[in-house]
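Below is one structure; the comments refer to it alone.
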Amino acid sequence: MGLLLDTHHGRLISLSAHFVIGRSPVCQVQLDDPRASAEHAVIAWTGERWEVRDLGSLNGTWLDGRRLASGERAPLRRDARLGFGGAGDAWMLADDRAAGPTARNEATGELVHATAGLLALPSAEQPRATVFRRADLAWLIEVGAELRRVADGERLELDGATWSLLLPGELGTVPETLKADGSPLTLGDVELCFAPSLDEEQVDVRLRINGGIESMLPPRSSHYVLLTLARARLADARDGIVPEEQGWLYAADLAHRLRYTAERLNLEIFRARALLAKIGVVDATQVIERRATTRQLRIGAARLRVTR
Numbered sequence: 040m041g042l043l044l045d046t047h048h049g050r051l052i053s054l055s056a057h058f059v060i061g062r063s064p065v066c067q068v069q070l071d072d073p074r075a076s077a078e079h080a081v082i083a084w085t086g087e088r089w090e091v092r093d094l095g096s097l098n099g100t101w102l103d104g105r106r107l108a109s110g111e112r113a114p115l116r117r118d119a120r121l122g123f124g125g126a127g128d129a130w131m132l133a134d135d136r137a138a139g140p141t142a143r144n145e146a147t148g149e150l151v152h153a154t155a156g157l158l159a160l161p162s163a164e165q166p167r168a169t170v171f172r173r174a175d176l177a178w179l180i181e182v183g184a185e186l187r188r189v190a191d192g193e194r195l196e197l198d199g200a201t202w203s204l205l206l207p208g209e210l211g212t213v214p215e216t217l218k219a220d221g222s223p224l225t226l227g228d229v230e231l232c233f234a235p236s237l238d239e240e241q242v243d244v245r246l247r248i249n250g251g252i253e254s255m256l257p258p259r260s261s262h263y264v265l266l267t268l269a270r271a272r273l274a275d276a277r278d279g280i281v282p283e284e285q286g287w288l289y290a291a292d293l294a295h296r297l298r299y300t301a302e303r304l305n306l307e308i309f310r311a312r313a314l315l316a317k318i319g320v321v322d323a324t325q326v327i328e329r330r331a332t333t334r335q336l337r338i339g340a341a342r343l344r345v346t347r
């Protein structure tokens, strides 16, 4: 996540995908310099790099000592120096890593950032809502068992708080990959191999990649959710059900079977996705698929094995 340094006060500010700077209270960074315009400039993530754009300010936006033309866009590199309304370099891009989805609490100004492409609200420890990107680049939000599309700038009411969603318009960098050829690792490349203990108190999961490479996943409580869904999909396959209909369970039925609350089930789903995203599976969110209209879900990986 990009970081903007206020060199005068020593504070670091996390950049969202679209970050407006000016004197207006609607700006993510509110300036008190009278030379700055109400909405002076915007710093944005393009999908490949950070850019700064002057918004027609009266006294100009300055980049490394050069005044940008009105409306001009300019790329930002790490350690680039910025001034808003004057040539003094009051700001610096301290980190130029890719932007991910971010949400801003409108009451407190708190920013919550994504981890491995998954944005959990109000936090990863209590993921009442999860925002993620689908393979077709659409942004989705999952609240409980409900799934729908969302857009940049959309407001979300959650437990009495209002959050503004700040979503990149393009894909960011590809996560680290486990494939030897360096190409992105997807669910279609892997087989998930489950080995539960006799009492099923422990579930080992191996991720087998095309070409025979294997990786043992670290132990997680979410493995048992994946195992339960894998068994349902494998049972449907044995019964001759067509692949697109295999393994679907109602979320409420799954929670009842596991003796979980709905909140506990959603937490384990978030953890399962986050783990695969962390190791570089680019479509990790689809390890649990949901049907928006029926509140059904299933394991998204088609290549599954369960052994003792």
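In my numbering, the protein residues as written are 40 to 347.
Just so you know, even glycine gets a beta-carbon here, dropped at the ideal spot from N, CA and C.
Within 10 angstroms of the Cβ of R344, are there 16 or more other Cβ atoms? Answer buried if so, exposed if not.
Within the sequence shown, the letter at position 305 stands for residue 344. Burial call: exposed.
Tell me which same chain residues have a C-beta within less than 6 Å of the C-beta of N98, skipping the five on either side of it?
Locating residue 98 in the sequence shown gives position 59, where the first residue counts as 1. Answer for N98: R74, G124, listed in chain order.
Which partner residues does D45 have in the DSSP bridge list?
Within the sequence shown, residue 45 is the residue found at index 6, counting from 1. Answer by DSSP bridge pairing, in chain order: R50, W130.
Please report how far the alpha carbon of P166 lies from the alpha carbon of L293, in whole angstroms.
Here residue 166 is taken as the residue at index 127 of the sequence shown, counted from 1. Here residue 293 is taken as the residue at index 254 of the sequence shown, counted from 1. Near 18 Å, if we compare the C-alpha coordinates of L293 and P166.
Locate the beta strand (DSSP E) running through N305, then write down its first and last residues.
In the sequence shown, residue 305 corresponds to position 266, counting from 1. Not the beta strand (DSSP E): N305 falls in the alpha helix (DSSP H), residues 301–317.
Can you tell me which residues form a DSSP beta bridge with I60?
Residue numbering aside, residue 60 sits at position 21 when the sequence shown is read from its first letter. DSSP, once it has assigned bridges, lists V68, A80 as partnering I60.
Taking three-plus beta-carbon pairs below 8 Å as touching, is the segment 283–302 in contact with the segment 332–346?
yes
Quick check: what's the CA-CA separation for E149 versus D275?
Counting from 1 along the sequence shown, the entry for residue 149 is found at position 110. Counting from 1 along the sequence shown, the entry for residue 275 is found at position 236. Near 45 Å, if we compare the C-alpha coordinates of D275 and E149.
Near W178, what residues of its chain come up, given a Cβ to Cβ distance below 6 Å and the 5 sequence neighbours on each side ignored?
Walking along the sequence shown from the start, residue 178 turns up at place 139. Here the set comprises R172, V189, L206.
Contact defined as beta carbons within less than 8 Å: I believe T141 pairs with A56. What is the distance between those atoms, to the nearest angstrom?
Working through the sequence shown from its first residue, we reach residue 141 at position 102. Working through the sequence shown from its first residue, we reach residue 56 at position 17. About 7 Å; that satisfies the 8 Å criterion.
Could you tell me the alpha carbon to alpha carbon distance between D118 and C66, rounded to whole angstroms?
As a first step, residue 118 is located in the sequence shown; it is residue number 79 there, counting from the start. As a first step, residue 66 is located in the sequence shown; it is residue number 27 there, counting from the start. Looking at the two C-alpha atoms, the distance is approximately 23 Å.
Decide if the segment 179–187 is in contact with the segment 101–111; the criterion is three or more beta carbon pairs, one per stretch, under 8 Å apart.
no
Compare the beta carbon distance of R116 and M131 with 8 Å and say whether it is the shorter of the two.
In the sequence shown, the residue the question calls residue 116 occupies position 77. In the sequence shown, the residue the question calls residue 131 occupies position 92. In this structure, M131 does not lie closer than 8 Å to R116 by Cβ.
Identified DSSP bridge partners for V326:
By one-based count along the sequence shown, residue 326 stands at place 287. Looking at the DSSP assignment, V326 forms no beta bridge with any residue, so it has no partner.
Less than 8 Å between the beta carbons of R92 and A80, yes or no?
As a working mapping, residue 92 is identified with position 53 in the sequence shown. As a working mapping, residue 80 is identified with position 41 in the sequence shown. Cβ atoms of R92 and A80: closer than 8 Å.
Residues near R37 in its chain [Cβ-Cβ closer than 6 Å; skip 5 each side]
This structure cannot speak to residue 37, because the chain is shown only from 40 to 347.
Could you tell me whether the Cβ atoms of L176 and E193 are closer together than 8 Å?
Within the sequence shown, the letter at position 137 stands for residue 176. Within the sequence shown, the letter at position 154 stands for residue 193. Result no, Cβ atoms of L176 and E193 do not sit closer than 8 Å.
Within 8 Å, do at least three Cβ pairs link the segment 299–316 to the segment 262–272?
yes
Enumerate, from N- to C-terminal direction, the unbroken beta strand (DSSP E) stretches of 3 or more residues contained entirely within the segment 158–240.
158–162, 165–172, 178–182, 185–188, 194–197, 200–205, 229–235
Quick one: residues in its chain with C-beta nearer than 7 Å to the C-beta of G95, no 5 flanking neighbours on either side, listed in chain order?
Taking the sequence shown and counting its residues from 1, one reaches residue 95 at position 56. Hits under 7 Å: S109, G110.
So, W202 versus N144, is the Cβ gap smaller than 8 Å?
Along the sequence shown, read from residue 1 onward, the residue named residue 202 stands at position 163. Along the sequence shown, read from residue 1 onward, the residue named residue 144 stands at position 105. Yes; because the gap between Cβ atoms is below 8 Å, this pair is in contact.
Range of the contiguous alpha helix (DSSP H) that encloses L273
Your numbering for residue 273 matches position 234 in the sequence shown. Note, L273: alpha helix (DSSP H), 262–277.
Pull the bridge partners of A144 from the DSSP assignment, please.
The count along the sequence shown starts at 1 and reaches residue 144 at position 105. Reading off the sequence shown, one finds Asn at residue 144, where the question assumed Ala. Answer is W202, bridged to N144.
Quick check: what's the CA-CA separation for P161 versus A311?
Along the sequence shown, one-based indexing puts residue 161 at 122. Along the sequence shown, one-based indexing puts residue 311 at 272. Rounded to whole angstroms, P161 to A311 spans 18 Å at the Cα level.
I need the DSSP call for L293, collapsed to helix, strand or coil.
Numbered from its first residue, the sequence shown carries residue 293 at position 254. In this structure, L293 counts as helix in the three-state DSSP scheme.
Consult DSSP for E90 and reduce its assignment to one of helix, strand or coil.
In the sequence shown, residue 90 corresponds to position 51, counting from 1. Strand.
Excluding the five sequence neighbours on either side, which residues of its own chain have a C-beta within less than 8 Å of the C-beta of P282, listed in chain order?
Sequence index remark: in the sequence shown, residue 282 carries index 243 (1-based). Once the five neighbours on either side are set aside, the close Cβ partners of P282 are A276, A341.
What do you get for V59, buried or exposed, if any count of 16 or more other CB atoms within 10 angstroms of its CB means buried?
As a working note, residue 59 is residue 20 in the sequence shown. Buried, by the Cβ-count rule.
Here's the rule: buried if 16 or more other CB atoms are within 10 angstroms of the residue's CB, otherwise exposed. What is T300?
For the purposes of this step, residue 300 is taken as the residue at position 261 of the sequence shown. Flag for T300 reads exposed.
Please confirm whether any heavy atom of the ligand SAM lies closer than 7 Å to the CB of E283.
This structure lacks the ligand SAM, and indeed carries no ligand of any kind.
If you follow the beta strand (DSSP E) that I348 is in, where does it begin and where does it stop?
With the chain represented from 40 up to 347, any question about residue 348 goes unanswered, as that position is not in the structure.
8 Å contact criterion, which A126 and G139 should meet: CB distance rounded:
Working through the sequence shown from its first residue, we reach residue 126 at position 87. Working through the sequence shown from its first residue, we reach residue 139 at position 100. The Cβ separation is near 33 Å, so there is no contact.
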